[in-house]
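Q: Have a look at this one.
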Amino acid sequence: MLLDTMLAHDRWATNNIINACGRLTDDQFHRTFEMGLGTLHDTITHILGAMRGWTDMLRESEFRPRLEGERRSQTDLLALHNDVADEFAQIARAHPVDAIAKGSRGGREYAFPRGNVIVHVTTHGMHHRAQCVNMLRHIGINPLPQSSVLEWMIAQQYG
0 MLLDTMLAHD
10 RWATNNIINA
20 CGRLTDDQFH
30 RTFEMGLGTL
40 HDTITHILGA
50 MRGWTDMLRE
60 SEFRPRLEGE
70 RRSQTDLLAL
80 HNDVADEFAQ
90 IARAHPVDAI
100 AKGSRGGREY
110 AFPRGNVIVH
120 VTTHGMHHRA
130 QCVNMLRHIG
140 INPLPQSSVL
150 EWMIAQQYG
């Protein structure tokens, strides 16, 4: 259940950030800030690129080319997020969280418990989503997109 909670919140929160960017002009979407990776576009792309890279690690497969560096629309990023999040969730659920995933990148070998990778991906996304909310605040978006776990829990209204 904890794994499903982490994955569901991460997907919901990132979708909310990307959807909020649909109200922006191209200039606003690419406006430079001294936080995150500099722009909403680049910060969101990094969130998705990191998730895809860690998916490759959990698969113990070759790392695909990085997503960073290519310009995409908000709509393209939303579609890409759905694909990347689906892949990540599928591989996260495919093996026990205490199993070790091994991979290499940049000439270095790595071995991590799969659960640790999952926690890293979801908390990494949370840090960058907070930067995106701050960028959106500076642009003047109101209301700001919901992204916290508490906001997600309230939105779910179980019971």
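Numbering that gives the first Met the number 0 puts the first residue of the sequence shown at 0, with every later residue one more than the last. In this text, a Cβ means the ideal position worked out from N, Cα and C, and glycines have one as well.
List the DSSP bridge partners of residue 150.
A: Paired residue(s): none; residue 150 is not in a bridge.
Q: What distance in whole Å lies between the Cβ atoms of residue 7 and residue 57, which are believed to be in contact at a cut-off of 8 Å?
A: Between residue 7 and residue 57 the Cβ distance is about 18 Å, and since that is not below 8 Å, they are no contact.
Q: Any contact of the stretch 142 to 150 with the stretch 48 to 55, i.e. 3+ C-beta pairs under 8 Å?
A: Flag = no, the stretch 142 to 150 and the stretch 48 to 55 do not touch.
Q: Answer yes or no: the CB of residue 52 versus the heavy atoms of the ligand FMN, is any distance below 7 Å?
A: Ligands in the displayed structure: none, and consequently the ligand FMN is not present.
Q: How many angstroms separate the CA atom of residue 60 from the CA atom of residue 113?
A: Using only the alpha carbons, I get a separation of about 14 Å.
Q: Look at residue 66 and residue 48 and say whether their C-beta atoms are less than 8 Å apart.
A: Yes; because the gap between Cβ atoms is below 8 Å, this pair is in contact.
Q: Express the C-alpha separation of residue 93 and residue 39 in angstroms, rounding to a whole number.
A: Roughly 32 Å separates the two Cα atoms.
Q: Restricting to Cα atoms, I'd like to know which of 123, 63 and 132 is closest to residue 46.
A: Per the Cα distances, 123.
Q: If you compare alpha carbons, which of 23, 83 and 33 is closest to residue 44?
A: Out of 23, 83 and 33, 83 has the C-alpha closest to the C-alpha of residue 44.
Q: Determine the DSSP secondary structure at residue 99, reduced to helix, strand or coil.
A: In the structure shown, residue 99 sits in a strand (DSSP, three-state: E or B).
Q: Thinking C-beta only, is residue 133 closer than 8 Å to residue 0?
A: Going by C-beta atoms, residue 0 is not nearer than 8 Å to residue 133.
Q: Kindly give me the distance between the Cβ atoms of residue 137 and residue 32, rounded to whole angstroms, as I take these residues to be in contact under 8 Å.
A: With a Cβ gap of about 7 Å, residue 137 and residue 32 count as contacting.
Q: Let's see if you can read the secondary structure: which residues bound the alpha helix (DSSP H) around residue 86?
A: Looking at the DSSP string, the run of the alpha helix (DSSP H) that includes residue 86 is 73 to 92.
Q: Would you kindly work out how many angstroms separate the C-alpha atoms of residue 30 and residue 3, rounded to a whole number?
A: Distance between the alpha carbons of residue 30 and residue 3 is about 34 Å.
Q: If you pair each beta-carbon of the stretch 14 to 22 with each one of the stretch 96 to 110, do three or more pairs fall below 8 Å?
A: The answer is no - the stretch 96 to 110 does not touch the stretch 14 to 22, with fewer than three Cβ pairs under 8 Å.
Q: As a quick exercise: from 115, 85, 78 and 89, pick the residue whose alpha carbon is nearest that of residue 98.
A: Answer by Cα proximity: 115.
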